[in-house]
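>
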Amino acid sequence: MGGGRVIAVVGDVHGSWNSSVDEQALRHINPDLVLFTGDFGNEDVELVEEVSKLDMAKAVILGNHDCWYSGRYASKTSSAVLQQHRLLGESHVGFKRLEFPGLKISVVGSRPFSMGGPRKAFFGFPYCKEMYGIHSLEESATKISELALGAPKEHAIIVLGHNGPTGLGSSPDDICGRDFDPGAGDHGDPDLEEALKSCEGKCEIPLVVFGHMHKELLCGGERKMTAVGSNGTVYVNGAVVPRERSKSSERAFTVVTLADDNRVDKVTETWVRIKGKQVDTVAESVLFPLDE
Numbered sequence: 070m071g072g073g074r075v076i077a078v079v080g081d082v083h084g085s086w087n088s089s090v091d092e093q094a095l096r097h098i099n100p101d102l103v104l105f106t107g108d109f110g111n112e113d114v115e116l117v118e119e120v121s122k123l124d125m126a127k128a129v130i131l132g133n134h135d136c137w138y139s140g141r142y143a144s145k146t147s148s149a150v151l152q153q154h155r156l157l158g159e160s161h162v163g164f165k166r167l168e169f170p171g172l173k174i175s176v177v178g179s180r181p182f183s184m185g186g187p188r189k190a191f192f193g194f195p196y197c198k199e200m201y202g203i204h205s206l207e208e209s210a211t212k213i214s215e216l217a218l219g220a221p222k223e224h225a226i227i228v229l230g231h232n233g234p235t236g237l238g239s240s241p242d243d244i245c246g247r248d249f250d251p252g253a254g255d256h257g258d259p260d261l262e263e264a265l266k267s268c269e270g271k272c273e274i275p276l277v278v279f280g281h282m283h284k285e286l287l288c289g290g291e292r293k294m295t296a297v298g299s300n301g302t303v304y305v306n307g308a309v310v311p312r313e314r315s316k317s318s319e320r321a322f323t324v325v326t327l328a329d330d331n332r333v334d335k336v337t338e339t340w341v342r343i344k345g346k347q348v349d350t351v352a353e354s355v356l357f358p359l360d361e
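In short: position in the sequence shown from 1, add 69, done, that's our numbering.
1) What runs of the alpha helix (DSSP H), each 4 residues or longer, lie entirely inside the segment 203–288?
2) Kindly indicate which three-state DSSP category residue 109 falls into: helix, strand or coil?
3) On the criterion of 16 or more Cβ atoms from any shown chain inside 10 Å, does residue 204 qualify as buried, or is it exposed?
4) Rounded to whole angstroms, what is the Cα-Cα separation between residue 118 and residue 178?
5) Give the straight-line distance between the Cα atoms of residue 70 and residue 167, rounded to the nearest whole angstrom.
6) Just confirm the distance between the C-beta atoms of residue 133 and residue 193, as a whole number of angstroms; I'd bet it's less than 8 Å.
7) Please classify residue 257 as buried or exposed, where buried requires at least 16 other C-beta atoms within 10 Å of its C-beta.
8) Could you tell me which residues DSSP pairs with residue 169 in its beta bridges?
9) Determine the extent of the alpha helix (DSSP H) in which residue 96 is found, giving its start and end residues.
10) Using alpha carbons as the reference points, say which of 263, 248, 259, 315 lies closest to residue 282.
11) Thinking just about the alpha-carbon of each residue, which of 300, 279, 333, 302 is nearest to the one in residue 308?
12) Where residue 353 and residue 276 are concerned, what is the direct C-alpha to C-alpha distance, given to the nearest angstrom?
13) When burial is assigned at 16 or more other CB atoms within 10 Å of the CB, is residue 291 buried or exposed?
14) Any contact of the segment 314–330 with the segment 107–127, i.e. 3+ C-beta pairs under 8 Å?
15) Looking at the structure shown, is residue 157 part of a helix, part of a strand, or coil, going by DSSP?
16) In whole angstroms, what is the alpha-carbon distance linking residue 78 and residue 103?
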């Protein structure tokens, strides 16, 4: 994989996780850190329990499907949501910062359970109030920026969300563009955009990782899975869905290499094939830098 620190992103899982197969694939990639963007299943406690057992440095954020049944009615936090949260323990970074001193990396979690766009009243905002004491998008933005600003100065800050921020385009194929609406539009999280803006000039955030907006567009075609901000921040969408093909023998990961100076050096969509004890990389598409 070359120099620097290697980060494997597991995009929206949607039931496609096999501990034995996926662990073999991850050992092949040999990352320093694994990031999960959530949507493991519709409140799939058993699958989340399997993910929690992964014996690698990891950070996880829960998505809208992880509170699917109770979230659609904006009801009180269900036992399944609480079980997932408990099983993930310290690795769940919703509204939290997780330090990896040996890697000189701080992972800052944005708002968990995000549905994207302005629909803050649905799919998770009651949980933000009940579990984290966050009552508004403004409070969410403030919390996220405070977490980033509190990271050790020598650390690379990675923001991990289920959904990305607004401000990255409104065409259906943009990284957070709305592909399910004929009018298109920006389906990012406005509180995350505000938090990132608040950090400009105060700390550097080289990498923002998320999922939610699937690569395969409902209107046909494929989404742009990376974007670069005017300040050099690289945005990576890991939601390659489905993340398995060829009768489950091939698994998708988004692999990010951070250089020693904390710049994002390379991003690839990487497919790993597992056939018995034989494990190999069968496809690798460079997503960043785009001139490769």
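Note that CB positions come from ideal geometry on N, CA and C, so glycine has one too.
On the basis of the coordinates in this document:
1) If we require 4 residues or more, the alpha helix (DSSP H) runs fully inside the segment 203–288 come out as 206–218, 259–268.
2) Coil.
3) It counts as exposed.
4) Distance between the alpha carbons of residue 118 and residue 178 is about 20 Å.
5) Its pLDDT being 38, under 50, residue 70 is placed unreliably by the model, and nothing is read from it.
6) Confirmed, Cβ separation roughly 6 Å.
7) With 16 or more other Cβ atoms within 10 Å, it is buried.
8) Beta-bridge analysis with DSSP links residue 169 to 174.
9) That run of the alpha helix (DSSP H) goes 88–98.
10) When 263, 248, 259, 315 are compared, the shortest CA-CA separation from residue 282 is found for 248.
11) The residue with the shortest Cα to Cα distance from residue 308 is 279.
12) Distance from the CA of residue 353 to the CA of residue 276, rounded to the nearest whole angstrom, comes to 20 Å.
13) Exposed.
14) Because the criterion of three Cβ pairs below 8 Å is not met, the segment 314–330 and the segment 107–127 do not touch.
15) Note: residue 157 maps to helix in three-state DSSP.
16) Residue 78 and residue 103 have their C-alpha atoms roughly 6 Å apart.
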